[in-house]
Amino acid sequence: MTFLRSRTFYFTLIKILSTILILGAIVWELLNLYFNLIELNNLHRFELIFWGERCAVFIHFIEGIIAGYWAFLSQKNPIKYGVYTFLVGTVGLLELKSKQLN
30 MTFLRSRTFY
40 FTLIKILSTI
50 LILGAIVWEL
60 LNLYFNLIEL
70 NNLHRFELIF
80 WGERCAVFIH
90 FIEGIIAGYW
100 AFLSQKNPIK
110 YGVYTFLVGT
120 VGLLELKSKQ
130 LN
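Take 30 as the starting number for the sequence shown in the numbering used here and just add one per residue.
In structure tokens:
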């Protein structure tokens, strides 16, 4: 019982943090794009951070595609599950898979 309660707490914490960080990464990338368009390239110091956030967004995008495909196979709304999993990450895949098994 305690394990299930702590697991739910950690899943909720991961979902909240992941959503905030992914949305922050998207805003960070849009800010970088805007600065490149107005030719104000003073963000070159953060190039490593940009590559890290691009990698995270790409991985979440792939997870969203997988979740959408799984949802489609189980006759659920693929857009809803794809976007949800894109925002929360692997926890969304685990939730979808556990719903399929039940």
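We put the beta carbon where it would ideally sit given N, CA and C, even for glycine.
ask   = Straight-line CA distance for E82 to L125?
value = 25 angstroms
message = Tell me which residue opens and which closes the alpha helix (DSSP H) that L116 is part of.
response = Start and end: P107 to V117.
task = With a 10 Å radius around its C-beta and 16 neighbouring C-beta atoms as the bar for buried, classify Y110 as buried or exposed.
result = buried
message = For S35, count the other beta carbons within 10 Å of its own beta carbon; 16 or more makes it buried, fewer makes it exposed. Which is it?
response = exposed
key: C-beta atoms of A96 and L123 nearer than 8 angstroms   = no
task = Please classify E92: does DSSP put it in a helix, a strand, or coil?
result = helix
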